[in-house]
Structures are given as structure tokens and as C-alpha cells.
Amino acid sequence: MPKRGIWAAVVTYIVLFMTVTLAIALFQEELGWGWWWVVPIGFVFVAAIIGFRLLVQHSHEAAERADREADAQR
């Protein structure tokens, strides 16, 4: 996936996540939810950020490996 595609996916995820979080915060009384909903949603957000970081790191390592292999063939 190109860099632009990765960043577009991350920005889209963050926008959707924040929109849903705001909707839940505004309507938590009508939903009958207390403060507890923050914990799992916060965990999902942190897990997604860590997953994105690992994806970028893996992609970077693969690019470096491909560069080393290309240099070795010359």
C-alpha cells in the first residue's frame, strides 16, 4: 500500500473513531451507559495506533531488505 493510502486509512479511522466516540458521549444517558464505555474504546484506539506503528515498521524493514538485496546484486 502506498504511503498516501496508509495515511488516508489512518486519518479515516481516526475521524470515524472520534465521531463515534462523540456520538456515544452525547447519547450515553439515552443508551443507559455510564463511564465504563471509555475503557474498551480507549483500548481499541491504542491498539489501532500500535498496530499502525507495527505495520509501518514492517513496511520500512521490508523496503530496507529489498534495497540491500538490490545492492548485493549489483
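The sequence shown begins at 6 in our numbering and counts up by one. Positions of the beta carbon are idealized from the N, C-alpha and C atoms, including for glycine.
Residue i and residue j closer than 8 Å at C-beta
| i | j | result |
| --- | --- | --- |
| isoleucine 46 | threonine 17 | no |
| phenylalanine 48 | valine 15 | no |
| phenylalanine 50 | phenylalanine 32 | no |
Option nearest residue i by Cα separation, candidates the options
| i | options | result |
| --- | --- | --- |
| alanine 2 | Val20, Ile19, Trp12 and Trp42 | Only positions 6 to 79 of the chain appear in the structure, and residue 2 is not among them; the question remains open. |
Same chain, Cβ closer than 6 Å to residue i, neighbours up to 5 away in sequence not counted
| i | result |
| --- | --- |
| glutamate 34 | none |
Cutoff 8 Å; reference residue i; Cβ partners in own chain excluding five residues on either side
| i | result |
| --- | --- |
| leucine 60 | Ile11 |
| tryptophan 38 | Ile29 |
If we require 4 or more residues per run, which alpha helix (DSSP H) segments fall completely within the stretch 33–65? Segments of the alpha helix (DSSP H) lying fully in the stretch 33–65: there are none.
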